[in-house]
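Engineer: Residue numbers (full-length UniProt numbering): 1 to 247.
Ideal placement from N, C-alpha and C gives every residue a C-beta, glycine not left out.
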Amino acid sequence: MFQTGTAHITFKVYNKEARFVWKPLAMTMANQNAYVTSHLGSPLSSKQNFGSEFLHLGPPAEGGTNVTLIAAINVIGCSVPPMFVFPRKFFKEHMLKGAPIGSIGIANPSGWSTGDIFLKYLKHFINVVKPTPENKIILIVGNHESHLSIPAINMAREHGVIMLTFPPHTSHRLQPLDRSVFGPFKKYYNQACHEWLLNNPGKPMTIYEVAECVGKSYPRAFTPSNIESGFRVFGIFPLNRHVFQEH
1 MFQTGTAHIT
11 FKVYNKEARF
21 VWKPLAMTMA
31 NQNAYVTSHL
41 GSPLSSKQNF
51 GSEFLHLGPP
61 AEGGTNVTLI
71 AAINVIGCSV
81 PPMFVFPRKF
91 FKEHMLKGAP
101 IGSIGIANPS
111 GWSTGDIFLK
121 YLKHFINVVK
131 PTPENKIILI
141 VGNHESHLSI
151 PAINMAREHG
161 VIMLTFPPHT
171 SHRLQPLDRS
181 VFGPFKKYYN
191 QACHEWLLNN
201 PGKPMTIYEV
211 AECVGKSYPR
221 AFTPSNIESG
231 FRVFGIFPLN
241 RHVFQEH
């Protein structure tokens with residue numbers, strides 16, 4: 001049960017503004033979603049796993065191959081180009097054909113994120129956002145162990161990134177990406193997959209089409225208004241300690 005007492009503790013932890021006088025640009029949040037290539041035009045289904053929301057485009061019985069997308073947003077409506085985790089032993093540049101500009105890719109046979117992969121994403125994030133010890137930023141991530149490795153924490157500290165995690169059992173209430181961005185993104189990705197199947201009759205979707213479908217749906221979902229509304233609705237920015245009622 002999510003209680004207001006938990007919310008008050010959460011906001012007390014998150015309210016670093018009083019100590020560091022943050023600018024809105026300095027408050028960011030990262031999350032990951034996984035997409036499968038077994039798209040048959042069926043209703044979307046999702047499940048919770050690894051502390052993040054993983055999307056299945058097609059009936060679970062049909063199987064499919066996971067491709068994980070890691071994304072980050074900030075409170076003024078901007079996003080960092082995503083990272084794709086492809087289920088292969090080696091990454092090839094052509095896997096990113098049609099991906100959003102600035103995207104990067106990496107390979108892992110399972111298609112899931114790991115501590116080493118998140119460390120590479122953190123390097124990408126730092127290269128794009130360019131935080132420094134003099135101009136720190138807050139990066140809010142899920143509680144999955146891949147986010148909490150010692151190398152990642154040390155790299156973040158070295159570059160002025162203050163990493164915060166959600167308290168247990170609160171991410172469903174405090175994760176703007178899931179509600180305001182990945183929610184619409186599922187619909188647009190679904191539409192892009194339908195369009196690809198219509199234009200390629202008789203062909204099955206593979207991992208090499210995922211980036212193209214993401215490239216068509218990403219700019220439609222990761223809009224400033226969607227991103228800003230997520231932070232606002234969850235009371236993260238502007239800070240609102242009373243956004244949740246006791247229940």
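So, do the segment 99-111 and the segment 139-159 have three or more beta carbon pairs nearer to each other than 8 Å?
Structural biologist: Output reads no: the segment 139-159 does not touch the segment 99-111.
Engineer: Does the distance from the C-beta atom of Phe185 to that of Ser217 stay below 9 Å?
Structural biologist: Here the question's residue 185 lines up with position 185 in the sequence shown. Here the question's residue 217 lines up with position 217 in the sequence shown. In this structure, Ser217 lies closer than 9 Å to Phe185 by Cβ.
Engineer: Can you give me the C-alpha to C-alpha distance between Lys89 and Leu122, rounded to a whole angstrom?
Structural biologist: In the sequence shown, residue 89 corresponds to position 89, counting from 1. In the sequence shown, residue 122 corresponds to position 122, counting from 1. Cα to Cα, the separation comes out at about 21 Å.
Engineer: By DSSP, does residue 291 sit in helix, in strand, or in coil?
Structural biologist: Not covered by the structure: residue 291. The range shown for the chain is 1 to 247.
Engineer: If you draw a straight line from the C-alpha of Met83 to the C-alpha of Gly160, how long is it?
Structural biologist: Within the sequence shown, numbered from 1, the residue matching residue 83 stands at position 83. Within the sequence shown, numbered from 1, the residue matching residue 160 stands at position 160. Taking the straight line from one Cα to the other gives about 21 Å.
Engineer: Is the Cβ-Cβ distance between Val80 and His147 less than 9 Å?
Structural biologist: Locating residue 80 in the sequence shown gives position 80, counting from the first residue. Locating residue 147 in the sequence shown gives position 147, counting from the first residue. Not in contact: Val80 and His147 (Cβ atoms no closer than 9 Å).
Engineer: Excluding sequence positions up to five away, which residues of its chain have a Cβ less than 6 Å from the Cβ of Arg220?
Structural biologist: Mapped onto the sequence shown, residue 220 falls at position 220. Cβ neighbours of Arg220 beyond the five flanking positions: Tyr188.
Engineer: When you compare only the Cα positions, how much space is there between Phe86 and Thr65?
Structural biologist: If you number the sequence shown from 1, residue 86 lands on position 86. If you number the sequence shown from 1, residue 65 lands on position 65. The straight-line gap from Cα to Cα measures roughly 9 Å.
Engineer: Hey, quick one: how far does the beta strand (DSSP E) through Leu164 stretch, first residue to last?
Structural biologist: Mapped onto the sequence shown, residue 164 falls at position 164. Segment 161-165, the beta strand (DSSP E) holding Leu164.
Engineer: Which one of Glu134, Ile137, Thr165 has the shortest CA to CA distance from Ser149?
Structural biologist: As a working mapping, residue 149 is identified with position 149 in the sequence shown. Ranking Glu134, Ile137, Thr165 by Cα distance to Ser149 puts Thr165 first.
Engineer: Can you tell which of Asn33, Asn74, Tyr208 has the C-alpha that lies nearest to the C-alpha of Gly230?
Structural biologist: Position 230 of the sequence shown, counted from the first residue, corresponds to residue 230. Of Asn33, Asn74, Tyr208, the residue nearest in Cα terms is Asn74.
Engineer: Give the DSSP-derived three-state secondary structure of Val21 in the structure shown.
Structural biologist: Along the sequence shown, read from residue 1 onward, the residue named residue 21 stands at position 21. Legend: pLDDT at Val21 = 43, less than 50; position of this residue unreliable, value from coordinates given subsequently. Three-state result, Val21: coil.
Engineer: I need the straight-line Cα distance from Ala192 to Glu134, nearest angstrom please.
Structural biologist: The residue labelled residue 192 in the question sits at position 192 within the sequence shown. The residue labelled residue 134 in the question sits at position 134 within the sequence shown. About 42 Å.
Engineer: Rounded to the nearest angstrom, what separates Ala71 and Lys97 at their Cα positions?
Structural biologist: Along the sequence shown, read from residue 1 onward, the residue named residue 71 stands at position 71. Along the sequence shown, read from residue 1 onward, the residue named residue 97 stands at position 97. Cα to Cα, Ala71 sits roughly 18 Å from Lys97.
Engineer: So, are the CB atoms of Ala99 and Gly183 less than 9 Å apart?
Structural biologist: Numbered from 1 along the sequence shown, position 99 holds the residue referred to as residue 99. Numbered from 1 along the sequence shown, position 183 holds the residue referred to as residue 183. Cβ atoms of Ala99 and Gly183: not closer than 9 Å.
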